[in-house]
Every structure is written in C-alpha cells, then in structure tokens.
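J.: To start, I am sharing the structure in question, which I have written as structure tokens.
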Amino acid sequence: MTLSETTSFNDQEHAQELFDSLIEDGHDSDEMKEFIEEHGHKDFYLYYEDYCQALAEFDQQTVDSFLEVFDLMDIEHLGDAYMGYHESGAAFAESFVSDVGYIQHDLPYWIAIDWEETWDNLSYDYSESNGYIWNNHW
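Quick look at the structure:
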C-alpha cells in the first residue's frame with residue numbers, strides 16, 4: 081500500500097495497522113486501496129469496518145445511494161435510515177400514508193390526492209436518492 085504525502089503520519093500509521101490486520105482477516109487489498117484512494121487514510125481507519133458491515137447487510141447500490149445523501153461518517157446509521165426503495169418520492173408518500181393508517185380503505189375513484197405535494201411535505205424528514213428513501217432523523 082502506498083501512502084500519500086498529504087496524509088499525516090498518524091493517519092498513515094493507523095491506516096497501515098488496520099490495513100495489515102484486515103489483510104490477515106481475508107479482506108481484499110484492492111478494495112481497501114480503492115476505498116483509501118476515494119476517501120483517504122483517516123476515513124479508512126475510522127469508517128472502513130462500518131462500511132464493510134453496511135455492504136454485508138445491503139447491496140453496493142443501496143450503500144452508494146446512502147452516501148449520496150449522507151456523509152461516510154454516518155454509514156453506521158444506514159440501517160436505521162433505510163425506508164426502502166420506491167419508484168418516486170410520491171410513491172413513498174402514498175405507501176407511507178397508507179401504512180401508518182391515515183387512509184384505511186380504498187378511496188372512491190373521484191377522490192384525488194396530490195402525492196407529489198405530500199412528498200414535498202415529507203421531504204423535510206425524508207430524502208430520496210435513486211429511488212431509495214432515507215429517514216433524515218435516525
């Protein structure tokens with residue numbers, strides 16, 4: 081592993097110790113190097129194990145979607161924030177309103193609900209990225 085010149089010695093040292101330990105545990109060195117190139121040495125030793133745990137529980141696309149909305153330092157909260165995949169924020173709003181019991185029966189065909197506006201109202205508490213819905217308040 082090559083350490084960059086812009087990383088402090090302590091970050092490099094901690095990253096190298098974790099890197100060596102994870103190699104012994106069977107982790108892929110190329111994946112770890114790629115993570116370090118993308119996120120840096122400090123984030124590697126602070127968050128790589130939580131990142132791996134997230135990948136064990138969710139697929140890469142879900143993890144990447146989470147990281148588009150939140151920071152890497154929040155990766156441990158992915159499971160708490162995950163609200164599922166929906167075609168749109170409006171689709172989530174309709175599902176959410178139904179699931180919490182605000183609409184208990186099928187409405188007559190002539191009643192129209194603006195699910196986009198409902199999503200706009202919910203988007204203060206929820207975020208959407210690539211169809212994945214995230215609770216902003218884990």
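With the numbering used here applied, the sequence shown covers 81 to 218. C-beta atoms are modelled at their ideal positions from N, C-alpha and C, and glycine is treated no differently.
#1: In the DSSP output, which residue or residues are listed as bridge partners for Ser209?
#2: Using a Cβ-Cβ distance cut-off of 7 Å, determine whether Glu93 contacts chain D.
#3: State the DSSP-derived secondary structure class of Tyr182, mapped to helix, strand or coil.
#4: What separation, rounded to the nearest whole angstrom, lies between the Cα atoms of Glu104 and Ala171?
#5: If you follow the beta strand (DSSP E) that Tyr165 is part of, which residue opens it and which one closes it?
#6: Mind reading off the beta-carbon distance from Asn215 to Ala161? Whole number of angstroms is fine, and I expect it under 8 Å.
#7: Report yes if the CB atom of Leu152 is closer than 7 Å to the CB atom of His107, and no otherwise.
#8: Under the three-state reduction of DSSP, which class applies to Asp139: helix, strand or coil?
#9: Please report how far the alpha carbon of Glu114 lies from the alpha carbon of Ile155, in whole angstroms.
#10: Between the Cα of Glu148 and those of Trp218, Asn210, Ser101, spot the shortest distance and give me the residue it belongs to.
#11: Give the secondary structure of Ser203 by DSSP, where H, G and I count as helix, E and B as strand, and everything else as coil.
T.: From the atom records:
#1: Answer is Tyr212.
#2: Judged by its chain identifiers, the structure shown contains no chain D, having just a single protein chain.
#3: coil
#4: 45 Å
#5: Tyr165 -> beta strand (DSSP E) spans 162–165.
#6: Yes, they are in contact, since the Cβ atoms of Asn215 and Ala161 sit about 5 Å apart, within 8 Å.
#7: no
#8: coil
#9: 17 Å
#10: Relative to Glu148, the option among Trp218, Asn210, Ser101 whose CA is nearest is Asn210.
#11: coil
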